[in-house]
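Report on the following structure.
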């Protein structure tokens, strides 16, 4: 069965500092991988996705993520965070075939210090 | 394209009552998904439709839950005899069928927050 682990429940960084959010997945083959962001009381917005090809993917709002097959990881990074990046971040895996439903991690809450 | 919409945004109900939520997907999307998100957790898959056909249901979807998508457009999710454990955010998402010229990704609505008292 697929599963996603986000080891950090809550991270606090200072505005302007770099950010890395960790994501590890368990899946029998190479899944589709996603990062979503959720602001309080809102739905989820897709930041970026990996299907195949280049293992470093660029997303919206200056985010990027790197797929490392050997580590079953898909960590999200941003070189310099802004106060508006404060939100909940979810990593998800999707089946390449069939229902293609998403399995989400528990989420990492990001707090930005001014 | 106005995105995925859900109605209502908030619902407070008493235990034992029935509730129904509506989701309007992006118009050209033929796949529609329902997820449930409890506090402090990531969303969990409930069910999905391709056009009007409900093709997969999670074991989380007890017999008190029923979902429909009668004309392959909007969908409804009904919970009968609500319980306090049903309190959660119910999220709807839509996507294109792979191979229809659009990359596979799900677009989420704002959700319906259900509180059962």
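Residue numbers (this note's numbering), protein chains in the order written: chain A, 152 to 265; chain B, 114 to 230.
Where is the CB? At the ideal position from N, CA and C, for every residue including glycine.
Everything numeric in this text was worked out from a predicted model, so none of it was measured.
Cβ-Cβ separation between residue 153 of chain A and residue 187 of chain A: approximately 16 Å, too far for a contact (criterion under 8 Å). Annotation: the continuous beta strand (DSSP E) that includes residue 149 of chain B extends over 144-150.
With at least 16 other beta carbons inside 10 angstroms of its own, residue 198 of chain A counts as buried.
Here the alpha carbons of residue 242 of chain A and residue 200 of chain B stand approximately 23 Å from one another. Rounded to whole angstroms, the gap between the alpha carbons of residue 251 of chain A and residue 232 of chain A is 32 Å.
Between residue 195 of chain A and chain B, the shortest Cβ-Cβ separation is below 8 Å. In the three-state reduction of the DSSP assignment, residue 189 of chain A falls in the strand class. DSSP places residue 232 of chain A in no beta strand (DSSP E); its state is neither H nor E.
Secondary structure at residue 224 of chain A: strand, using DSSP grouped into helix, strand and coil. With fewer than 16 other beta carbons inside 10 angstroms of its own, residue 175 of chain B counts as exposed. Annotation: the continuous beta strand (DSSP E) that includes residue 177 of chain A extends over 175-177. Residues of the region 150-166 of chain B whose Cβ lies closer than 8 Å to any Cβ of chain A, in chain order: 153, 154, 155, 156, 157, 158 and 161. For residue 183 of chain A and residue 158 of chain B, the gap between their C-alpha atoms comes out near 16 Å.
Residue 170 of chain A is positioned such that its CB atom lies closer than 8 Å to that of residue 164 of chain A.
The C-alpha of residue 226 of chain A is placed about 38 Å away from the C-alpha of residue 133 of chain B.
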